[in-house]
Amino acid sequence: MSDPFRDGLIEALPGLRAFSRTFHRDLARADDLVQDTMLKAWSKRDQYEMGTNMRAWLFRILRNTYLSELRKRKREVEDVDGSHTASLTSKPEQEGHMAMNDLRAALAELNEEQREALLLVGASGFSYEDAAEIIGVAPGTVKSRVSRGRQRLTEIMGEHAAVIEPGHGLGSAVGMT
Amino acid sequence: MAASVMSKTKGEEVLKTDEQTEAEAPGEDVLRDDPLMAGIRKMYDDVASEPLPDHLLDLLEKLDKAERNR
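Put into structure tokens, the structure is as follows:
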């Protein structure tokens, strides 16, 4: 009894968890957002058109869920846990990599729009078109944010002096010589 | 004749317009080869490769069961 919708959801879950951590630094809260996304997606499953990009559809739901929760919370208290500056926190045992921590800190300094654009296009592997659809803006706007975010990231990393050099570690990992 | 054009480029630092930054944006394939992007992708992949927490799997199970009984 295969259920393509269920399979698609499972397949997207790891990416959704990573995307969720661009919004929440607190890991439990990030997973709560994923859980809410799953519930919402399931309740809307009749609206999903099979064959269209399900990952993008789910990412959009997660983003909208986050925004509506944020609006709700804002009416109550202002950003209690500082979750605005969250930036892909992973489990403690996976930290400890110097360059990685610098990059994580730099990413946290970007504004949310730029961070999100870089994450969707640079890390999640979405096209500019898909990312634009997820965010709900024009593809040109996503391009502009990626461009500015990348520029800003380079500046911040330069200020912090610890730059990821091509040929070392991460650079060589992508086949640069 | 070109005076108005020239005066536009004067001044200290000229802020880039959205059109300029948009035009400068690298293609997706170029981004994939960028070391900085590779770093972000590594962070992303680290999170994505964590095992799924039990409560999310449990929820999936419940949703699945409810769907079958529909």
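If you read the protein sequences in the order shown, they are chains A and B. The number in my numbering is simply the position in the first sequence, starting from 1, with 1439 added. The number in my numbering is simply the position in the second sequence, starting from 1, with 224 added. Glycine included, every Cβ here is placed at the ideal spot set by N, Cα and C.
Item: Option in A:Glu1594, A:Arg1591 and A:Ser1586 with minimal Cα separation from Gln244 (chain B); Value: A:Ser1586
Item: CB contact below 8 Å: Arg265 (chain B) versus chain A; Value: yes
Item: 8 Å Cβ cutoff met for Gln1474 (chain A) and Leu280 (chain B); Value: yes
Item: Contact check, Leu1546 (chain A) vs Leu1592 (chain A), beta carbons under 8 Å; Value: yes
Item: CA nearest to the CA of Arg1499 (chain A), picked from A:Ala1457, A:Ile1573, A:Arg1589 and A:Glu1488; Value: A:Ile1573
Item: Chain-ordered chain B contacts of Gln1486 (chain A) [CB-CB under 8 Å]; Value: Neighbours of Gln1486 (chain A) on chain B: none; closest Cβ ~15 Å, over 8 Å.
Item: Identity of the residue in A:Asp1465, A:Ala1577, A:Arg1456 and A:Glu1594 nearest Asp270 (chain B) by Cα; Value: A:Arg1456
Item: Beta-carbon spacing of Pro1443 (chain A), Met1489 (chain A) below 8 Å; Value: yes
Item: Where Ala1577 (chain A) falls, given that 16 or more other Cβ within 10 Å makes a residue buried; Value: exposed
Item: Exposed unless 16 or more other CB atoms sit within 10 angstroms - verdict on Ala1495 (chain A); Value: buried
Item: Backbone CA spacing between Leu1549 (chain A) and Lys1483 (chain A) [nearest angstrom]; Value: 33 Å
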